[in-house]
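Visitor: Numbering (numbering that gives the first Met the number 0), first residue to last: 0 to 387. Here you go, one structure.
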Amino acid sequence: MRVSTGLGSSSDNRMFTVVVESFGAGPQRRAERVMTVPFQQLQSLMQTIAQKGGRIKVVSAGDGESTPPASAPAAVSAPTPTPTPSGPKAAVSHADVPVNLYKPKDPFIGAVTGNYSLLAEGAIGRVNHITFDLSGGRLHYVEGQSIGIIPDGVDAAGKPHKLRLYSIASTRHGDDTNDNTVSLCVRQLQYEKDGELINGVCSTFLCDIEPGAQVKITGPVGKEMLLPADEEANIIMLATGTGIAPMRAYLRRMFDAEERAKNPEYQFRGKAWLFMGVPTTPNLLYEEDFQSYLNAYPDNFSYTKAISREQNNASGGRMYIQDRVLEHADEIFALIEDPKTHVYMCGLKGMEPGIDEAMTAAANAKGLNWAELRPSLKKQERWHVETY
Ligand SMILES: Cc1cc2nc3c(=O)[nH]c(=O)nc-3n(C[C@H](O)[C@H](O)[C@H](O)COP(=O)(O)OP(=O)(O)OC[C@H]3O[C@@H](n4cnc5c(N)ncnc54)[C@H](O)[C@@H]3O)c2cc1C
C-alpha cells in the first residue's frame, strides 16, 4: 500500500482518494474501487475497509492542491472517478425502485433491534429512532421511501389496526451498513380531547416498543422523495420535526464515511443545504451527525436552523423555517435556477402554506412568479413534497 496524505490536521479540508481491493459483496468484491473522502473521515474509512477484509492499495491527497512532504513516498496516481456528464441527468430513475414488496395481508415480521430517544434534556414531546431487522425477508428500499407499520391490537370496532406510514430514516444499507435493517424517526402523537390526554395508537406503540418485539411491516412505498443519482446535484432540504427522516437518509448517503465506502458510484460533490425547523434546541434531531458532516464537508453542506421558541424572525415573531427561507431567498433562487437543483420538503402539513408564502415573496423579489415556477419545477421532478 502506498500512502501519501501530507500533514493532516482537524482543519484540513483536503479530499483523499483511497483505492481498495477485495471490498464489498458478491462479484463487486473482486473489482478495484476508488473512494473519495475528506481528511476527517479518512481514518474511519480505513478502519471500515480493514474490518470488512478490504485491501487498501493507495491513499493519496485527491484535490491536487497539496504536495506530500519530500520524505513521503510518491503517490501512485489513483484512477479518478468517471466524470459526470454536465447538464441535468434524468431527474430520478424510478424504474428499479422497489414498491409494495409486503402488503398488509401478508406483512413482513421484523424484530426491533433498537429504540432510543433522539431528544436532549428539556425537549418538548417524544421522538425516537427505531430500528428493525429485515433479515430473512425480501424487504429492501431506497432513500426517500416509507414503510407501513401495523400496530398490535384492535381498534374501537374490534378490527385489527390499519397501517400507518413512516418515512424511512436510514439509507438502503441500514444504519450498520449491513443491508438488513430499516430505521424510523417517530414522534409520539399526543393531544388533549375533552380534558383527556389521547395517545396516538401507532406512534405510541412504536415509541414504547422493546428490542426483540416482532412488528408487522409493509411496503416500501413512495417515489416522490427519491434522490437523483447525479453526484453533482444540489439538494435543498426543508424539514420540520420528524420530516428530517428522509433528509437524514440523504445526508448519510452523501456524507457518512461508511456509506461513501459502500457506494463508489455515489460520491456526492454537489451542494446540500438543510433547513431544519424545531421548537427548541433540545428538539434538534441527529444534530451530532450533521455537525460532523459540516466539519468534514464545509464546501458541500450547509445547515440552517429555525428554532421557533428561541429565535426571532425579522419582525420580532417566532422564527419558523419559512423565515429562514426568506432570509436566504437570493441564494435559494440562484440554486433553483440551476437545473441540477432539487428541493425536498417533509414534515407536518402545516408547514406548506408558510413555505409557499416565503417562496412567493422570494420569487416576487426576483421578478419571478412562484405560482408558475412551482408546477414547472414539479414537472421537471425537482420539487418534492411529502407532508402528513
Ligand atoms: C408518507 C407519510 C410519512 C410519515 N412519516 C412519519 C415519520 O417519519 N414520523 C412520524 O412520527 N410520523 C410520520 N407520519 C405520520 C404517521 O403515519 C402517523 O399518522 C402518526 O404517527 C400518528 O399515528 P397514530 O397511530 O399514533 O395516531 P392515531 O391514533 O391514528 O391518531 C391520529 C388521529 O388523531 C386525531 N388527532 C390528531 N391530532 C389531534 C388533535 N390535536 N386534536 C384532535 N384530534 C387529533 C386525528 O383524527 C388523527 O387522524 C407519516 C405519514 C405519512 C402519510
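For glycine and all other residues, C-beta sits at the position ideal for the given N, C-alpha and C.
Please classify A256 as buried or exposed, where buried requires at least 16 other C-beta atoms within 10 Å of its C-beta.
Guide: Buried.
Visitor: Within 9 angstroms of any Cβ in chain C, is that where the Cβ of E356 sits?
Guide: Among the chains of the structure shown, chain C does not appear; only one protein chain is present.
Visitor: Could you pull the DSSP bridge partners for Q310 from this structure?
Guide: DSSP output for Q310 lists no bridge partner at all.
Visitor: Helix, strand or coil, according to DSSP, for I48 in the structure here?
Guide: Looking at I48 - three-state DSSP - the assignment turns out to be helix.
Visitor: Could you give the DSSP three-state label for V98: helix, strand or coil?
Guide: Coil at V98, not helix or strand.
Visitor: I'd like the span of the beta strand (DSSP E) that includes A260, first residue to last.
Guide: Taken as a continuous stretch (DSSP letters only), A260 belongs to no beta strand (DSSP E), being part of the alpha helix (DSSP H) at 256-261.
Visitor: Spatial neighbours of N233 within its chain, please: CB distance less than 8 angstroms, with the 5 preceding and 5 following residues excluded, ordered by chain position.
Guide: Correct list, in chain order: G269, K270, A271, W272, L334, D337, K339, T340, H341.
Visitor: Examine ligand 1 and report whether any of its heavy atoms sits within less than 8 angstroms of the Cβ of E385.
Guide: Result yes, Cβ under 8 angstroms from ligand 1.
Visitor: Go through its chain and collect everything with a Cβ distance to V98's Cβ below 7 angstroms, but skip five positions before and after it.
Guide: If we look at V98 and ignore the five residues flanking it on each side, its Cβ neighbours are P219, V220.
Visitor: How far does the alpha helix (DSSP H) with P352 in it extend, from its first residue to its last?
Guide: Where P352 is concerned, the enclosing alpha helix (DSSP H) stretches over 350-364.
Visitor: Taking contact to mean at least 3 C-beta pairs separated by less than 8 angstroms, is the stretch 306-315 in contact with the stretch 274-287?
Guide: Touching, yes, given that three or more Cβ pairs across the two stretches are closer than 8 angstroms.
Visitor: Please name the residue in L237, D229, G353 whose C-alpha comes closest to that of Y302.
Guide: Of L237, D229, G353, the residue nearest in Cα terms is L237.
Visitor: For A244, does the count of other Cβ atoms within 10 angstroms reach 16, so buried, or fall short, so exposed?
Guide: Flag for A244 reads buried.
Visitor: Using DSSP with H/G/I as helix, E/B as strand and the rest coil, what is I146?
Guide: Residue state, collapsed to three classes: strand.
Visitor: Could you check what DSSP says for A238 in three-state terms: helix, strand or coil?
Guide: Strand at A238.
Visitor: Over what stretch of residues does the beta strand (DSSP E) that includes E20 continue unbroken?
Guide: Element bounds for E20: 14-20.
Visitor: What does the alpha-carbon distance come out to for the pair S291 and L41?
Guide: Going from the Cα of S291 to the Cα of L41 covers about 13 angstroms.
Visitor: What's the gap between the Cα of N368 and the Cα of H383?
Guide: Cα to Cα, N368 sits roughly 19 angstroms from H383.
Visitor: Ignore the nearest five residues each way along the sequence and tell me which others in L284's own chain have a CB closer than 6 angstroms to its CB.
Guide: Answer for L284: L117, I243, listed in chain order.
Visitor: Quick one: complete beta strand (DSSP E) runs, 3+ long, within the stretch 260-291?
Guide: The qualifying runs are 271-277.
Visitor: Kindly indicate which residue of M246, A328, I149, Q189 has the alpha-carbon position closest to the one of K104.
Guide: It is I149.
Visitor: Count the C-beta pairs between the stretch 220-230 and the stretch 195-210 that are closer than 8 angstroms, then say yes if the count reaches three, no if not.
Guide: No, the stretch 220-230 does not touch the stretch 195-210.
Visitor: Alpha carbon to alpha carbon, how far is H376 from F274?
Guide: Note on residue identity: the sequence assigns Leu, not His, to residue 376. Spanning the two alpha carbons is a distance of roughly 19 angstroms.
Visitor: Should R381 be labelled buried (16 or more other beta-carbon atoms within 10 Å of its own) or exposed?
Guide: Looking at its Cβ environment, which holds 16 or more other Cβ atoms inside 10 Å, R381 is buried.
Visitor: Regarding K215 and ligand 1, is the C-beta to nearest heavy atom distance less than 8 angstroms?
Guide: No - ligand 1 has no heavy atom lying nearer than 8 angstroms to the Cβ of K215.
Visitor: What does the alpha-carbon distance come out to for the pair M350 and E385?
Guide: So the alpha carbons of these two residues sit roughly 11 angstroms apart.
Visitor: Along the alpha helix (DSSP H) that carries E371, what are the first and last residues, could you check?
Guide: Run containing E371: 369-378, per the alpha helix (DSSP H) assignment.
Visitor: Run through the DSSP bridge pairs and tell me what Y422 is partnered with.
Guide: Here the chain comprises residues numbered 0 to 387, so residue 422 is not present and cannot be evaluated.
Visitor: Quick one: grab the DSSP three-state call for E326.
Guide: Helix.
Visitor: For D288, collect the residues of the same chain with a Cβ closer than 8 angstroms to its Cβ; drop the 5 residues on either side in sequence, then sort them by chain order.
Guide: Around D288: R247, L250, R251, D255.
Visitor: Comparing the CB of I197 with every heavy atom of ligand 1, is any distance shorter than 8 angstroms?
Guide: Result yes, Cβ under 8 angstroms from ligand 1.
Visitor: In whole angstroms, give me the CA-to-CA distance for E231 and F267.
Guide: Taking the straight line joining both Cα atoms gives about 6 angstroms.
Visitor: Quick one: what's L164 bridged to in DSSP?
Guide: Per DSSP, G147.
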